[in-house]
Amino acid sequence: MIVSNSSPLIALAAIGRLDLLREFFERVLIPPEVRLEVVERGAGRAGAAEIARACWIEVREVTRDALLRELAIHVEPGEAQALALACEVSPDFLLVDDYQAREKAKDLGVRVVGTVGVLVEAKRRGRLQTVKPSLDALRTLFAFRLADKLYRQVLDAAGEGSSS
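Every position in the sequence shown, counted from 1, becomes a number in my numbering once 621 is added.
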């Protein structure tokens, strides 16, 4: 089971790979703000309908209000709720791409994985032949911010770099 923030769900849905989350983690928990961002405010955008229909993506209320207020000082509302929920339910990972949210999660002892990490794991498990087309699709279709240096590092880690 994982807890997810908005952007990885949207990104994976946009490139047609939301299925990887169900396969790898079975259940994905999201807080109400993430559902609001993705499904309601994101209606008509990439992935909104697919995410709304996914019965394995479950909305879970956040109960630790004091922690939520503290986190909201440092990160956006959806990320704050996802972080607080992760602290409550102790998932395998928090799925988040935002650097500040990832650092805050690490401070709280929550293991993190990002969209790119899911794709690399998919290749490792034989679910993707190559990572490069998915990375390219993220950068093109979703305007996913991935510095050229990191892009090359990811391809190297996936065995697809120029030295491979």
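All C-beta atoms in this analysis are idealised placements derived from N, C-alpha and C, irrespective of residue type, glycine included.
Bear in mind the structure is a predicted one, so any value in this text is a computation, not a measurement.
The beta carbons of Ile636 and Ala758 sit closer together than 7 Å. Between the C-alpha atoms of Val683 and Leu630 there is a straight-line separation of about 19 Å. In the three-state scheme derived from DSSP, where H, G and I count as helix and E and B as strand, Phe765 is classed as coil.
Of the residues assessed, Gln750 falls on the exposed side of the cut-off, its CB having fewer than 16 other CB atoms within 10 angstroms. A Cβ-Cβ separation of about 5 Å places Gly699 in contact with Glu658 under the 8 Å criterion.
Take Leu706, set aside five residues on each side of it, and the residues of its chain with a beta-carbon closer than 7 Å to its own are Val624, Leu650, Pro652, Arg681 and Val683, in chain order. Counted as a single uninterrupted DSSP element, the alpha helix (DSSP H) harbouring Glu644 occupies residues Asp640 to Phe646. A straight-line Cα-Cα distance of about 8 Å links Ser711 and Val731. Look at Leu689 here: in three-state DSSP terms it is helix. Taking Thr736 as the centre and dropping the five residues before and after it, the same chain places the C-beta of Ser628, Pro629, Ala632, Leu633, Leu716, Asp718, Leu759 and Phe765 closer than 8 Å to its C-beta, in chain order. A Cβ-Cβ distance of about 25 Å is found for the pair Leu729 and Leu767, leaving them out of contact under the 8 Å criterion. Within the same chain, Leu776 and Glu781 come within 7 Å of Lys753 by CB-CB distance, once the 5 residues on both sides are set aside.
Within the segment 697–727, the runs of alpha helix (DSSP H) that reach at least 4 residues and sit entirely inside it are, in chain order, 698–710.
Annotation for Ser627: no beta strand (DSSP E) segment contains it, though the alpha helix (DSSP H) segment containing it runs Ser627 to Ala635. The secondary-structure analysis by DSSP pairs Glu679 across a beta bridge with Leu650.
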